[in-house]
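Its first residue numbered 1, the sequence shown is counted upward by one per residue in the UniProt record's numbering. The beta carbon of each residue, even a glycine, is placed where N, CA and C say it ideally should be. Below: one structure, written as structure tokens.
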Amino acid sequence: MRKPFPSFLLLHRLRRRRDADRHYAAAASLTASVADIPVPAAASTGIIRDTLDRVDARELAATPRLYHSLITACAQRKSLDDARAIHAHLAGSQFAGSVFLHNSLIHLYCKCGGVADARRMFDEMSTRDMCSWTSLIAGYAQNDMPDEALGLLPGMLRGRFKPNGFTFASLLKAAGASASSGIGEQIHALTVKYDWHDDVYVGSALLDMYARCGRMDMAIAVFDQLESKNGVSWNALIAGFARKGDGETTLLMFAEMQRNGFEATHFTYSSVFSAIAGIGALEQGKWVHAHMIKSGERLSAFVGNTILDMYAKSGSMIDARKVFDRVDKKDLVTWNSMLTAFAQYGLGREAVTHFEEMRKCGVHLNQITFLSILTACSHGGLVKEGKQYFDMMKEHNLEQEIDHYVTVVDLLGRAGLLNDALVFIFKMPMKPTAAVWGALLGSCRMHKNAKIGQFAADHVFELDPDDTGPPVLLYNIYASTGQWDAAARVRKMMKATRVKKEPACSWVEIENTVHMFVANDDTHPRSEEIYKKWEEISIQIRKAGYVPNTDYVLLHVDEQERQAKLQYHSEKIALAFALINMPLGATIRIMKNIRICGDCHSAFRYISKVFEREIVVRDTNRFHHFSSGSCSCGDYCTPQKLSPYFTCDHHKHLGSEAQSLFSYRRLSWNERMQLFGLLTTLCHPYTVIRRFDFSQS
Numbered sequence: 001m002r003k004p005f006p007s008f009l010l011l012h013r014l015r016r017r018r019d020a021d022r023h024y025a026a027a028a029s030l031t032a033s034v035a036d037i038p039v040p041a042a043a044s045t046g047i048i049r050d051t052l053d054r055v056d057a058r059e060l061a062a063t064p065r066l067y068h069s070l071i072t073a074c075a076q077r078k079s080l081d082d083a084r085a086i087h088a089h090l091a092g093s094q095f096a097g098s099v100f101l102h103n104s105l106i107h108l109y110c111k112c113g114g115v116a117d118a119r120r121m122f123d124e125m126s127t128r129d130m131c132s133w134t135s136l137i138a139g140y141a142q143n144d145m146p147d148e149a150l151g152l153l154p155g156m157l158r159g160r161f162k163p164n165g166f167t168f169a170s171l172l173k174a175a176g177a178s179a180s181s182g183i184g185e186q187i188h189a190l191t192v193k194y195d196w197h198d199d200v201y202v203g204s205a206l207l208d209m210y211a212r213c214g215r216m217d218m219a220i221a222v223f224d225q226l227e228s229k230n231g232v233s234w235n236a237l238i239a240g241f242a243r244k245g246d247g248e249t250t251l252l253m254f255a256e257m258q259r260n261g262f263e264a265t266h267f268t269y270s271s272v273f274s275a276i277a278g279i280g281a282l283e284q285g286k287w288v289h290a291h292m293i294k295s296g297e298r299l300s301a302f303v304g305n306t307i308l309d310m311y312a313k314s315g316s317m318i319d320a321r322k323v324f325d326r327v328d329k330k331d332l333v334t335w336n337s338m339l340t341a342f343a344q345y346g347l348g349r350e351a352v353t354h355f356e357e358m359r360k361c362g363v364h365l366n367q368i369t370f371l372s373i374l375t376a377c378s379h380g381g382l383v384k385e386g387k388q389y390f391d392m393m394k395e396h397n398l399e400q401e402i403d404h405y406v407t408v409v410d411l412l413g414r415a416g417l418l419n420d421a422l423v424f425i426f427k428m429p430m431k432p433t434a435a436v437w438g439a440l441l442g443s444c445r446m447h448k449n450a451k452i453g454q455f456a457a458d459h460v461f462e463l464d465p466d467d468t469g470p471p472v473l474l475y476n477i478y479a480s481t482g483q484w485d486a487a488a489r490v491r492k493m494m495k496a497t498r499v500k501k502e503p504a505c506s507w508v509e510i511e512n513t514v515h516m517f518v519a520n521d522d523t524h525p526r527s528e529e530i531y532k533k534w535e536e537i538s539i540q541i542r543k544a545g546y547v548p549n550t551d552y553v554l555l556h557v558d559e560q561e562r563q564a565k566l567q568y569h570s571e572k573i574a575l576a577f578a579l580i581n582m583p584l585g586a587t588i589r590i591m592k593n594i595r596i597c598g599d600c601h602s603a604f605r606y607i608s609k610v611f612e613r614e615i616v617v618r619d620t621n622r623f624h625h626f627s628s629g630s631c632s633c634g635d636y637c638t639p640q641k642l643s644p645y646f647t648c649d650h651h652k653h654l655g656s657e658a659q660s661l662f663s664y665r666r667l668s669w670n671e672r673m674q675l676f677g678l679l680t681t682l683c684h685p686y687t688v689i690r691r692f693d694f695s696q697s
């Protein structure tokens, strides 16, 4: 019996795949083939110009092969001036109408960053082919101009050009960069229409596009449908989960990639370390780091930066410093990552030393550098240094952005200089955002200033009514100062607007298992043992001098109930569980989803001394490293009680600032009166009244 012939569709797909493989292989070997051309591939500007001069002197014959060789050599150097010189010479030659050379010039201009020149070249072409469209689309996508790349698609389709694999890969890259899943889905439909969706390269680009748009369900669907997967498709999927902050799935996909026989690259490791940094899983991070070393992957700055960040965010500053010292060629990101780590740990002096070392080494400072050092000064209480570095930005020709202003407000507010923070906000050259007023509100919570707190909260409510944090902060301010009627009004407003306080929870990793706890948690299988352990801890630290601070119980109850409420906060339960299960001398690392309670902070200091343990707590704002009865933050993060008025020196300083602000023409009369009322709450009213000039309107 004769065997049936394969279907025409199957034959068509097999032929398409064969042609596509040849196409990709030809493109990959293009650079290598240029080495056989007489003109040196690594030509300098002088050699390219000399070659063109020799053509003009008829010492060399002008051929398409010669021009293409010059274009390729110029692309390696990425010299825009040379690209324009080659273009000008070609325009006067007999090959001025060559579509192939024009396409090569478009590609060259895009490689050199001259996308506008490439567009002019494209617009001036009398004849275009599919390669012309693809070259320009790819150029826009590679130069971070996704909207321009996607804007070419309708014209290309109207011209009845059929997109190829390279076209779709570039369009999908642009769709992913614009984070528009809508246009991405339309391009996906086109890949199906033109039968390119099964191609492994186009499929990987589709997967990456959906991942960048946060559509991991579609990314997984595309990945599962790929007949043949490669390292690119695995990396795209892993990077997608890492960007989404799903550390657990990222690690599972990494292990699955290994089981399927695909070797991890520096892109893979970078994504995995970023995901681990997000969940703070130190043991998993060490395992992946060891895997990378065994695989022979060298510690380049690209991977080293993510490893450094992983160790810092997982609570191991010592390992982060070791990685920094071992990175071969440190780039700006390496230096900034270490500076950020110092800031997160509240190591202000170390951050200043690191920053000054950057300056001595001639490292080019950018806005992220200054944001990190300002944050370090804010967390370390270095007001003088913070002001100095803020002003230094102008010396480096860097524009002070809103994030820098937010950090300075936080710097002044944390130090208790609420008047200076208020004056600073009113003197900002741009309109204060919700983040600026939020920083002031946080400082008011720390220093229990309800008057300015209400003023700051009103601005946040107006600018960002959907933010659930400010109402909670305002309630805490009123509750901590005993203003229960005002606190009740805020609570009523929260209920009316359906604002809910995020439940506090803490978790600790022990033997690759994460244990999570909430306040008064009795759901853990060993809860009875945990509570008994905490009672023992509490007795020992009280003997050492610990006194529960009931100011942190924001409920209108009696003192005895306040003390009972303090005892079983989630971080205390997590710490008791860790002390039961972890060996003597092991560092305990606890994560918390909101800021650590001030009473827990005090208790942890005593526990670190009594039990001779190092304890690292990572909350939403920073790290706290407790050791021998002290914390890396120097207790700077806990609220301090302020006197109702400032010193005479503050009177003079505030009076002069108030006078200049009151006459500041940008302020309306109502704003000036609001400012006057607020400043009188910070120092003796007579000081402000005597300085203010009420005659100005």
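Looking at the backbone, the Cα of Ala343 and that of Lys387 are separated by about 16 Å. Looking at the backbone, the Cα of Lys162 and that of Leu190 are separated by about 10 Å. Where Arg128 is concerned, there is no enclosing beta strand (DSSP E), because DSSP gives it neither an H nor an E. If you ignore the 5 residues before and after Glu401, its C-beta comes within less than 7 Å of the C-beta of Gln367, all in its own chain and listed in chain order.
Comparing alpha-carbon positions, the option among Gln225, Met130, Ala486, Ser69 lying closest to Lys451 turns out to be Ala486.
Using a Cβ-Cβ distance cut-off of 8 Å, the stretch 233–249 and the stretch 274–284 are in contact, since at least three pairs of beta carbons, one from each stretch, lie closer than that value. For Met446, the uninterrupted alpha helix (DSSP H) run begins and ends at 434–447, by DSSP.
Among the bridge pairs identified by DSSP, Met591 is matched with Trp507, Arg618. Under DSSP, Val55 takes part in no beta bridge, so it has no partner. Rounded to whole angstroms, the Cβ separation of Ala179 and Arg212 is 6 Å, and the two are in contact under 8 Å. For His107, the enclosing alpha helix (DSSP H) covers residues 99–111. In this structure, Phe623 sits away from Ala574, with a CB-CB distance that is not shorter than 9 Å.
In this structure the stretch 528–542 does not touch the stretch 483–498; the number of beta carbon pairs closer than 8 Å is below three. Annotation: Val499 is outside any beta strand (DSSP E) and is labelled neither H nor E by DSSP. Sorting Ala290, Glu256, Thr306, Arg259 by C-alpha distance to the C-alpha of Phe267 places Thr306 at the top. Closest by C-alpha distance to Glu536, out of Phe223, Thr620, Ile607, Val327, is Ile607. With respect to Met130, His102 sits apart: the two C-beta atoms are not nearer than 9 Å. Here Phe390 is not near Val406, since their CB atoms are 9 Å or more apart. Rounded to whole angstroms, Met358 and Asn336 show a C-alpha spacing of 9 Å.
Relative to the Cα of Leu422, the nearest Cα in the group Phe611, Gly114, His459, Ala519 belongs to His459. Less than 9 Å divides the Cβ of Leu374 from the Cβ of His404. Selection Pro64, Cys74, Asp464 evaluated against Ser98 yields Pro64 as nearest (Cα-Cα). When rounded, the separation of the alpha-carbon atoms in Met292 and Cys631 is 34 Å. The secondary-structure analysis by DSSP pairs Phe517 across a beta bridge with Ser506. Counting only the Cα atoms, Asp599 lies some 15 Å from Cys633.
Look at His87 here: in three-state DSSP terms it is helix.
Apart from sequence neighbours up to five positions away, the residues of its chain that approach Ala141 with a beta-carbon distance below 6 Å are Ala149, Ser170, Lys173, Ala174, ordered along the chain.
If you compare the alpha carbons of Phe426, Leu411, Met428 with that of Met446, the shortest gap goes to Leu411.
Rounded to the nearest whole angstrom, the C-alpha separation of Gly46 and Gln76 is 15 Å. Residues of the same chain with a CB within less than 7 Å of the CB of Lys572, apart from the 5 flanking positions on each side, are Trp534, Cys600, Ala603 in chain order.
Here Val327 has Leu299, Ala301, Gly304, Thr334 as same chain residues with Cβ atoms under 7 Å from its own Cβ, once five neighbours each way along the sequence are excluded. Annotation: the continuous beta strand (DSSP E) that includes Ser627 extends over 623–627.
Residue burial is scored here from C-beta neighbours: Val617 has at least 16 other C-beta atoms within 10 angstroms and is therefore classed as buried. In the DSSP assignment, Ala149 falls within the unbroken alpha helix (DSSP H) covering 146–151. Lys313: member of the alpha helix (DSSP H) spanning 301–313, first to last residue. Here DSSP, grouped into helix, strand and coil, assigns Ser228 to coil.
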